[in-house]
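Chemist: Chains as they are written, first to last, in the working numbering: chain A, 51 to 351; chain B, 24 to 484. Okay, here's the structure, questions in a sec.
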């Protein structure tokens with residue numbers, strides 16, 4: 051027993067908040083990467099997340115959710131979502147990079163409707179449920195006596211996965227030539243193109259990478275409960291809150307904001323249960339009142 | 024190799040075409056979703072020739088159901104029943120020889136505005152003789168204001184919300200033919216008392232339905248169970264994907280049980296995370312077909328799971344109307360993904376049966392005639408909930424329907440029923456007249472038109 055009962059409930063609540071934070075970061079990382087590099091507010095990111103979730107359900111239905119097949123399923127689903135992202139970028143998205151925010155929102159929202167309708171046709175309106183791979187089943191008892199619930203091993207996995215994604219993205223952006231090009235493209239894509247870099251392919255690659263993370267989030271975070279056709283909008287609203295709090299385009303901001311929102315929301319359920327819906331927006335308002343550009347965003351003229 | 028980011032006029036033209044294509048595609052998708060309107064086909068000689076006393080020889084009602092929203096297949100499974108029961112009635116003489124038409128339009132849950140807009144348009148069209156309530160409880164809480172203002176009756180047979188039947192929202196053209204949140208909450212309290220639970224936490228969705236059922240449960244549980252304590256209450260958003268913080272909060276005070284109103288996809292999320300948290304105390308949710316169909320192994324159903332429902336097949340198949348509609352449903356869909364009628368489907372039939380009874384006994388579509396009949400205290404109809412006639416409370420216009428509450432078990436390898444199901448050995452039916460006395464009915468609904476004699480008659484028959 052690590053803590054007394056009252057301390058234990060706070061302990062488990064904070065860990066559960068980190069579980070939420072991990073899932074939110076997985077979604078927000080791809081979203082903020084795409085915005086940071088391409089300056090596109092991709093409202094369809096949640097739809098790509100939903101595709102990842104449903105593809106994982108489809109594959110797990112075929113090959114099961116065993117220890118190894120789970121990873122295969124997650125990887126294949128993420129790659130397929132990246133390929134869908136490739137098709138979307140080549141046909142539509144690259145045409146709106148330089149357009150107004152309103153145009154971007156309308157076009158990406160159109161994708162939300164189209165993908166939602168297509169998924170409804172393919173999968174129907176009934177919710178879906180997958181099993182859990184054996185090594186992620188159950189929980190571990192970390193705090194307090196028998197009245198304090200176990201902490202889900204699946205959430206531990208999500209936290210670890212989010213950590214790996216954060217480190218991998220940081221390494222890609224700051225330790226590789228590709229990352230240098232991406233950061234240069236954010237500052238001045240035209241100048242970068244004069245240096246011999248194919249900016250169009252670079253942008254396509256970044257968009258695919260962002261979509262890969264959307265698929266990864268859907269295939270993992272999406273599976274911790276039932277999956278239905280509304281997870282796209284539900285997740286994108288929260289992901290937008292995260293990247294606005296963290297600062298648009300800031301990976302570090304997305305990470306910190308995910309943790310902030312996840313933990314505050316979890317603790318808020320203890321303190322103000324009837325207001326749990328508004329806690330996340332209260333955090334948003336509080337942060338923007340102090341730093342309109344977000345925690346790690348930069349002011350623009 | 025480098026390429027400029029600027030665009031040629033040809034490129035701009037192509038992008039314009041692409042944009043238009045995307046927007047048109049989106050609009051087409053929306054249109055495809057929103058026009059899922061049902062029209063039953065007449066199968067017998069009906070209308071003026073059959074003696075129908077109403078204009079055009081038909082009776083026309085309107086309703087919205089969630090066919091494409093977040094509540095999963097609850098709406099579509101109800102819609103299936105509508106497609107069976109309306110043609111069946113029409114094939115057997117309709118209502119007073121009139122063809123019954125029920126236009127059902129999609130209200131993607133939880134879009135309250137779209138739901139209300141459909142009803143406003145329906146009322147403005149002046150095509151409908153009366154209305155059935157919406158699926159969405161928040162929409163249902165507002166809808167009676169529209170229908171009463173238009174001088175039309177509304178019969179709740181989908182959303183369970185009880186607000187429109189109690190002060191201060193009760194209006195005279197409101198009728199309830201299904202199971203209400205009031206009955207569900209109180210029925211669960213009766214079951215909780217039977218199980219000996221005293222220290223209870225609640226977890227219900229954070230919108231009208233969840234708040235109403237939690238209130239109904241808490242208020243009645245404290246009344247009937249000596250020493251009852253509510254230890255914690257949580258209200259997760261509908262569609263919440265991380266239930267863990269909410270589960271932690273309700274379990275931490277060491278309750279005897281966690282009573283909830285989670286339903287649809289949220290039950291699946293709740294159970295998956297409940298199991299992972301290793302919790303052994305009883306949990307109770309709004310469980311039933313079609314959601315129980317998704318439980319395909321015993322390990323997906325937490326130990327000590329209980330549920331409540333607007334009438335389970337195991338109970339309602341024993342009543343004449345319940346048996347008939349179940350037989351018709353199973354004959355058509357028994358080998359489909361939803362082999363049994365859902366609790367919502369039975370509730371829908373009950374509302375329609377109430378309308379049929381009101382029309383046949385008053386020979387009128389005038390809601391004032393319906394009000395007079397019901398408030399006289401002697402109106403009954405044939406619902407799936409009772410073996411004999413189903414009475415209607417003259418004070419609040421709510422039918423004497425019943426909620427099923429019981430233990431959930433997993434039985435492998437049964438061909439028609441879902442594998443996760445109510446245990447016939449540990450389930451109860453709680454009806455309105457079990458949990459509401461005339462005295463209390465008068466206290467919670469002000470209806471000066473009802474005489475003491477009428478109320479007394481209704482409750483003693």
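Here a beta-carbon is modelled for each residue, glycine too, at the ideal position from N, C-alpha and C.
Three-state secondary structure (DSSP) at residue 141/A?
Modeler: helix
Chemist: Mind checking if residue 99/A is an interface residue toward chain B, Cβ cutoff 8 Å exclusive?
Modeler: no
Chemist: Applying a beta-carbon distance threshold of less than 8 Å, which residues of chain B neighbour residue 278/A?
Modeler: 93, 95, 262, 287, 288
Chemist: For the stretch 184–207 of chain B, enumerate the residues whose C-beta is nearer than 7 Å to any C-beta of chain A, in chain order.
Modeler: Those residues of the stretch 184–207 of chain B that come within reach of chain A (Cβ to Cβ, closer than 7 Å) do not exist; the list is empty.
Chemist: On the CB-based measure, 16 or more other CB atoms within 10 Å of its CB, does residue 450/B come out buried or exposed?
Modeler: Result: buried.
Chemist: For a contact defined as C-beta to C-beta under 8 Å, what are the partners of residue 301/B on chain A?
Modeler: 188, 189, 191, 199, 200
Chemist: Since residue 258/B meets chain A, which of its residues come closer than 7 Å, beta carbon to beta carbon?
Modeler: 323, 324, 326
Chemist: Could you name each continuous beta strand (DSSP E) segment of 3 residues or more that falls completely within the stretch 61–95 of chain A, going from the start of the chain to the end?
Modeler: none
Chemist: At what residues does the beta strand (DSSP E) containing residue 224/B begin and finish?
Modeler: 222–226
Chemist: Verify whether the separation of the beta carbon atoms of residue 101/B and residue 112/B is less than 8 Å.
Modeler: Their beta carbons are not under 8 Å apart, which means residue 101/B does not touch residue 112/B by this criterion.
Chemist: If we count the other Cβ atoms within 10 Å of its Cβ and call it buried at 16 or more, is residue 386/B buried or exposed?
Modeler: exposed
Chemist: Taking residue 445/B and residue 104/B to be in contact with their CB atoms under 8 Å, please state how far apart those CB atoms are, rounded to whole angstroms.
Modeler: In fact, because the Cβ distance is near 19 Å, the residues do not count as touching under 8 Å.
Chemist: Pick helix, strand or coil for residue 179/A, following the three-state DSSP scheme.
Modeler: Three-state DSSP puts residue 179/A in coil, outside helix and strand.
Chemist: With a 10 Å radius around its C-beta and 16 neighbouring C-beta atoms as the bar for buried, classify residue 121/A as buried or exposed.
Modeler: exposed
Chemist: Taking only beta-carbon positions, decide if residue 317/B is within less than 8 Å of chain A.
Modeler: yes
Chemist: Can you tell me which residues form a DSSP beta bridge with residue 197/B?
Modeler: Its beta-bridge partners are 177/B.
Chemist: Going by other Cβ atoms of all chains shown within 10 Å of its Cβ, with 16 needed for buried, is residue 240/A buried or exposed?
Modeler: exposed
Chemist: Is DSSP giving residue 247/A helix, strand or coil here?
Modeler: coil
Chemist: Residue 258/B and residue 112/A - do their beta-carbons sit closer together than 8 Å?
Modeler: no
Chemist: Contact between the stretch 221–236 of chain A and the stretch 90–101 of chain A is defined here as three or more beta-carbon pairs at a separation below 8 Å; is this criterion met?
Modeler: no
Chemist: For the stretch 122–145 of chain B, which residues have a beta carbon sitting closer than 7 Å to at least one beta carbon of chain A?
Modeler: none
Chemist: Starting from residue 3/B, find everything on chain A with Cβ-Cβ shorter than 8 Å and list it in chain order.
Modeler: Since the first residue of chain B shown is 24 and the last is 484, residue 3/B is not available in this structure.
Chemist: What residue range does the beta strand (DSSP E) around residue 430/B cover?
Modeler: 425–433
Chemist: Please list the terminal residues of the continuous alpha helix (DSSP H) segment that includes residue 330/B.
Modeler: Per DSSP, residue 330/B is not a residue of any alpha helix (DSSP H); the beta strand (DSSP E) it occupies stretches across 328–332.
Chemist: Flag residue 177/A as yes if its beta-carbon sits less than 8 Å from any beta-carbon of chain B, otherwise no.
Modeler: yes
Chemist: Is it buried or exposed, residue 76/A, if we count other Cβ atoms within 10 angstroms and call 16 or more buried?
Modeler: buried
Chemist: Quick check: is the beta carbon of residue 235/B nearer than 8 Å to any beta carbon in chain A?
Modeler: no
Chemist: Can you name the residues of chain A whose CB is closer than 7 Å to the CB of residue 292/B?
Modeler: 275, 276
Chemist: Answer yes or no: does any C-beta atom of chain A fall closer than 8 Å to that of residue 274/B?
Modeler: The beta-carbon of residue 274/B is placed less than 8 Å from the nearest beta-carbon of chain A.
Chemist: Using a 10 Å radius around the Cβ and a threshold of 16 neighbouring Cβ atoms, would you call residue 330/A buried or exposed?
Modeler: buried
Chemist: Shorter than 8 Å from the beta carbon of residue 57/A to some beta carbon of chain B?
Modeler: no
Chemist: Could you tell me the alpha carbon to alpha carbon distance between residue 337/A and residue 295/A, rounded to whole angstroms?
Modeler: 6 Å
Chemist: Am I right that residue 119/B and residue 143/B are in contact with their C-beta atoms under 8 Å? What's the rounded C-beta distance?
Modeler: In fact, because the Cβ distance is near 29 Å, the residues do not count as touching under 8 Å.
Chemist: For residue 295/A, return the contacting residues in chain B, with the cut-off set at a CB-CB distance below 9 Å.
Modeler: Correct list: empty, because the minimum Cβ distance to chain B is about 18 Å.
Chemist: Can you give the Cα-Cα distance for residue 249/B and residue 435/B, rounded to whole angstroms?
Modeler: 39 Å
Chemist: Which same chain residues, not among the five before or five after residue 265/A, have their C-beta less than 6 Å away from its C-beta?
Modeler: 102, 127, 128, 131
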